[in-house]
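Numbering (my numbering), first residue to last: 73 to 203. From the three backbone atoms N, C-alpha and C, an ideal C-beta is built for every residue, glycine too. These numbers come from a predicted model, not from an experiment. Working notes, structure below.
Right, dumping it as structure tokens:
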């Protein structure tokens with residue numbers, strides 16, 4: 073089954089075609105703690121910068137790219153991050169994107185929580201064409 077996944081799906085990691093293209097045109101730069109691999113184009117692109125990209129391990133979720141690698145991908149840092157870099161005291165561990173799951177944030181008044189919200193002093197009044 074994983075052979076067919078690698079041929080036909082892109083959301084479970086890179087496809088065989090992507091891997092062949094990477095071998096031809098890119099060099100590996102590094103990987104992160106989630107198993108994502110980062111690459112840079114071997115020759116200059118038309119705009120003078122080397123193209124950079126990531127191949128995800130498992131489900132392709134952009135929120136799984138750590139901030140230091142995101143900075144490198146967006147050219148805000150010139151050198152790829154190293155595994156030696158430590159987190160600051162104020163940084164939190166990564167939390168995956170929970171949108172669409174049962175663990176997603178649902179505030180009061182959300183349709184997922186009954187759709188009723190409490191009234192306020194200056195509550196909203198809808199417009200009516202008869203008024």
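Who pairs with residue 103 in a beta bridge, going by DSSP? 109
How is the alpha helix (DSSP H) around residue 141 delimited, first residue to last? 139-145
Going by beta carbon distance, what residues of the same chain come within less than 8 Å of residue 111, once the five residues before and after it are set aside? 94, 98, 99, 100, 101, 124, 125, 126 and 127
If distances are taken between C-alpha atoms only, which option among 186, 189, 139 and 88 comes closest to residue 167? 139
Please name the residue, chosen from 185, 142, 181 and 200, that lies closest to residue 191 on a Cα-to-Cα basis. 181
According to DSSP, is residue 124 part of a helix, a strand, or is it coil? strand
Cβ shell of residue 133 (< 7 Å), same chain only, five flanking positions each side left out: 168 and 169
Identify every residue that forms a DSSP beta bridge with residue 98. 113
Out of 86, 151 and 185, state which residue places its alpha-carbon closest to the alpha-carbon of residue 131. 86
So, is residue 178 buried or exposed, given that buried needs 16 or more other C-beta atoms within 10 angstroms? exposed
Nearest-angstrom Cα distance between residue 188 and residue 196? 14 Å
Please determine, among 199, 88, 142 and 120, the residue with the shortest C-alpha to C-alpha distance to residue 108. 142
How many whole angstroms separate the CB atoms of residue 106 and residue 136, which I take to be in contact at a CB cut-off of 8 Å? 5 Å
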